[in-house]
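Under my numbering, the first residue of the sequence shown carries the number 1, and numbering increases by one thereafter.
Data first, discussion second: the structure below is written as structure tokens.
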Amino acid sequence: MSHEDKQFAARFSAHRDEAKANLRHRMEERGLFERDGWRIVETTREARQGTELVIRPMHFKHRAPPDLECVVWVRTEDGSIDIRCYPEES
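Shown next as structure tokens:
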């Protein structure tokens with residue numbers, strides 16, 4: 001792995017960790033605690049000229065709020081990384 005790839009992987013990992021921490025905070029604000037069976041799951045999808053890592057709450061017995069997620073977006077063109085969490089704070 002090249003030095004550039006290692007730097008990118010480290011940046012992506014830091015953004016992913018930030019998004020997960022943000023989502024966990026938002027989940028706990030809504031009463032969705034790990035001790036009660038709530039987990040954070042990740043999926044990827046191709047979108048907006050790049051790849052998105054979608055981070056959402058999940059429970060095996062309860063429906064997750066449909067509006068609650070964080071997305072880490074990697075832009076293919078320049079490798080920039082952005083985080084968006086929903087619902088967006090006002």
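Even glycine gets a Cβ: it sits at the ideal position worked out from N, Cα and C.
Taking all protein chains shown into account, do 16 or more other C-beta atoms lie within 10 angstroms of the C-beta of residue i, making it buried, or fewer, making it exposed?
i, result
"E42", "exposed"
"R56", "buried"
"A19", "buried"
"E28", "exposed"
"E69", "buried"
How big is the Cα-Cα spacing for residue i and residue j?
i, j, result
"A21", "A9", "18 Å"
"T44", "H25", "22 Å"
"F60", "K6", "36 Å"
"L53", "V72", "5 Å"
"H15", "V74", "10 Å"
"I81", "F12", "7 Å"
"D36", "E88", "25 Å"
"D17", "I83", "11 Å"
"Y86", "H3", "33 Å"
"H62", "E34", "13 Å"
Classify residue i as helix, strand or coil using the three-state DSSP reduction.
i, result
"R26", "helix"
"E88", "coil"
Which whole runs of the beta strand (DSSP E) in the stretch 46-86 are 3 residues long or more, in chain order?
Counting whole runs of 3 or more residues, the stretch 46-86 contains the beta strand (DSSP E) stretches 50-58, 69-75 and 81-86.
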